[in-house]
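Asker:
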Amino acid sequence: MHINHTLNVDLGERSYPIYIGSELLDQADLIARHIHGQSALIVSNDTVAPLYLEAVQQALDSKQIRQDKIILADGEQHKTMASVESILDLLLSSRHDRRSTIIALGGGVIGDIAGFAASIYQRGVNFIQIPTTLLSQVDSSVGGKTGVNHPLGKNMIGAFYQPQCVIADIASLRTLPRRELSAGLAEVIKYGLICDAGFFDWLEINIGGLLAGDEELLAQAVLVSCQNKARVVELDEREGGLRAILNLGHTFGHAIETTMGYGKWLHGEAVAAGMVMAIDLSIREGSIDEQVRQRGVALLKQAALPVNPPPEMTVEQFLDAMAIDKKNVDGKIKLILLRALGEAFVTDQYSHEKLLQTLTARPVAP
Ligand code: NAD
Ligand code: GLY
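The sequence shown runs contiguously to residue 385 in this note's numbering.
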């Protein structure tokens, strides 16, 4: 089977292609085309490197590109400034110059860390995203958000920094654990909920095949997700307004991740539960009807995702963690709510009473 799509993210001089296909890591020309200097640093982790590092190294070798590698410990708890510093140490000690390229090989954690390092090393060097999880292929590798966590808040330190290209090799998903595939499907379902009702219908039909790892269906889901994300990012690259819709469920979800301890709940799992909470509040606010919850919850459950937040989390813990969110202005928590299935909006004009009801009325799922 040969899958091959190219999609362009149109951002003027920061435009770049997203390649979606099978066995792309073996295509030396594809990677080499986006390396401008003579050297590169591959950033990966100790789970992904044994699987895919050699393919990338061979591609670079075949083009005589000098390369270093840094293999970080796996896990969200390592998405820290300390990891960024270890990358900077290696770049400096190995004399990488401003024409060097940083290649992120891994999931969203590696992409976010490596992208942030690329944004600050010598005020910015080339950066290539090779996302190897479904979540990173449909979301984190696209759009230029990079950064790390702080103990007090998720993704609180970072920069907007677009890559030179994104290489999403669908074949790399063959080794992805089932739980991680589900976590990625949370962000896929998000696009249906926020801006693409037709895609939501398609997902309802194809969720079984996606979970079973059907590569044609996965490639289609990655393509449509990236098209939706690119469209939003092109309109609002630095999140002046619209881009925040990509954060449906994330304010609740980030609160879950931070409170439970980074890495306990996968990002996609926390987002899934958070999206149901956002749907619940939208219903309380009267902007959507109960049917949206039923369809949303059913699809998330079919994707083997949680639809309720952790039972042990208190309202106070939610409010504390939600108070530290990049969308907040002047102490007001901004939330993404739904106006319809396929239409989201950003608001701080919701009833605090109803938010408290959403936070207390758990479990919200039927
Ligand atoms: P992850 O990077 O932790 O990867 C999940 C797990 O899968 C890890 O254990 C990883 O080592 C492993 N893995 C990766 N590729 C694999 C493969 N092909 N085969 C087997 N195992 C593999 O998590 P993620 O879900 O990819 O990304 C989540 C992170 O992305 C969070 O930190 C989140 O905040 C961030 N994120 C960022 C953005 C953005 O716009 N920058 C958007 C969404 C999420
Ligand atoms: N994942 C949210 C964004 O890229 O804006």
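C-beta atoms are modelled at their ideal positions from N, C-alpha and C, and glycine is treated no differently.
Hey, is the segment 205-212 in contact with the segment 282-296, meaning 3+ C-beta pairs nearer than 8 angstroms?
Answerer: Result yes; three or more Cβ-Cβ pairs closer than 8 angstroms.
Asker: Taking C-beta to C-beta, are residue 130 and residue 159 nearer than 7 angstroms?
Answerer: Yes, the pair counts as a contact, with Cβ atoms nearer than the cut-off.
Asker: Quick one: what's got a C-beta closer than 6 angstroms to residue 385's C-beta in the same chain, skipping five residues either side?
Answerer: Any reading at residue 385 is ruled out, since the residue's pLDDT is 48, under 50, leaving its predicted position unreliable.
Asker: Determine which residues share a DSSP beta bridge with residue 284 and list them.
Answerer: Note: residue 284 sits in a beta bridge opposite 281.
Asker: What is the DSSP secondary structure of residue 141, reduced to helix, strand or coil?
Answerer: In the structure shown, residue 141 sits in a helix (DSSP, three-state: H, G or I).
Asker: Who are the Cβ neighbours of residue 351 in its own chain at under 8 angstroms, not counting the five residues just before and after it?
Answerer: Closer than 8 angstroms at Cβ, skipping near neighbours: 367.
Asker: Per DSSP, residue 362 is paired with what?
Answerer: Answer is 359, bridged to residue 362.
Asker: With respect to 6 angstroms, is the separation between the Cβ of residue 339 and the closest non-hydrogen atom of the ligand GLY below this value?
Answerer: Checking the Cβ of residue 339 against the ligand GLY gives no.
Asker: Considering only their Cβ atoms, is the gap separating residue 186 from residue 22 smaller than 7 angstroms?
Answerer: In this structure, residue 186 does not lie closer than 7 angstroms to residue 22 by Cβ.
Asker: From residue 86 to residue 182, what does the alpha carbon distance come to, in whole angstroms?
Answerer: Their Cα atoms are separated by approximately 18 angstroms.
Asker: For the putative contact between residue 67 and residue 122, defined by C-beta atoms under 8 angstroms, what is the C-beta separation to the nearest angstrom?
Answerer: Going by Cβ atoms, the distance from residue 67 to residue 122 rounds to 12 angstroms, so no, they are not a contact pair.
Asker: On the DSSP letters alone, give me the boundaries of the alpha helix (DSSP H) that residue 208 sits inside.
Answerer: Note, residue 208: alpha helix (DSSP H), 197-214.
Asker: Which residues end up in the neighbourhood of the ligand GLY when you take C-beta atoms closer than 6 angstroms to any of its heavy atoms?
Answerer: Per the Cβ criterion, the list is 158, 162, 164, 262, 265 and 266.
Asker: Please name the residue or residues paired with residue 184 in a DSSP beta bridge.
Answerer: 147.
Asker: Can you say whether residue 58 is buried or exposed, counting buried as having 16 or more other CB atoms within 10 angstroms of its CB?
Answerer: By the 10 Å Cβ count, residue 58 comes out buried.
Asker: Rounding to the nearest angstrom, what Cα-Cα distance links residue 149 and residue 49 in this structure?
Answerer: The alpha-carbon atoms of residue 149 and residue 49 are separated by roughly 11 angstroms.
Asker: Should residue 244 be counted as a contact of the ligand NAD given a C-beta to heavy atom distance under 6 angstroms?
Answerer: Not so, every heavy atom of the ligand NAD lies at least 6 angstroms from the Cβ.
Asker: Note down the Cα distance separating residue 329 from residue 100, rounded to an integer number of angstroms.
Answerer: Rounded to the nearest angstrom, the two C-alpha atoms are 28 angstroms apart.
Asker: With the cut-off set at 7 angstroms, would you say residue 266 and residue 292 are in Cβ contact?
Answerer: No, these two residues do not count as a Cβ contact at 7 angstroms.
Asker: Roughly how many whole angstroms lie between the Cα atoms of residue 146 and residue 76?
Answerer: Distance between the alpha carbons of residue 146 and residue 76: 16 angstroms.
Asker: Considering only residues of the same chain and omitting the five flanking positions on each side of residue 200, which have a CB-CB separation below 6 angstroms?
Answerer: Here the set comprises 153.
Asker: Name the DSSP bridge partner or partners of residue 63?
Answerer: In DSSP, residue 63 forms a bridge with 90.
Asker: Anyone know if the C-beta pair for residue 216 and residue 315 falls short of 7 angstroms?
Answerer: No, the Cβ-Cβ distance between residue 216 and residue 315 is not below 7 angstroms.
Asker: Start and end of the beta strand (DSSP E) containing residue 125?
Answerer: It spans 120-125 - the beta strand (DSSP E) in which residue 125 sits, taken as one unbroken run.
Asker: Once the 5 residues before and after residue 175 are set aside, which same chain residues still bring their CB inside 6 angstroms of it?
Answerer: Hits under 6 angstroms: 169.
Asker: I need the boundaries of the alpha helix (DSSP H) containing residue 369, first residue and last residue.
Answerer: Careful: residue 369 lies outside any alpha helix (DSSP H) and carries neither H nor E.
Asker: With residue 295 and residue 357 assumed to form a contact (beta carbons below 8 angstroms), what rounded beta-carbon distance in angstroms separates them?
Answerer: Not confirmed; about 11 angstroms, so no contact.
Asker: Going by CA-CA distance only, name the one from 136, 191, 137 and 349 that's closest to residue 126.
Answerer: Closest by alpha carbon: 191.
Asker: DSSP three-state call for residue 30: helix, strand or coil?
Answerer: Coil, per DSSP.
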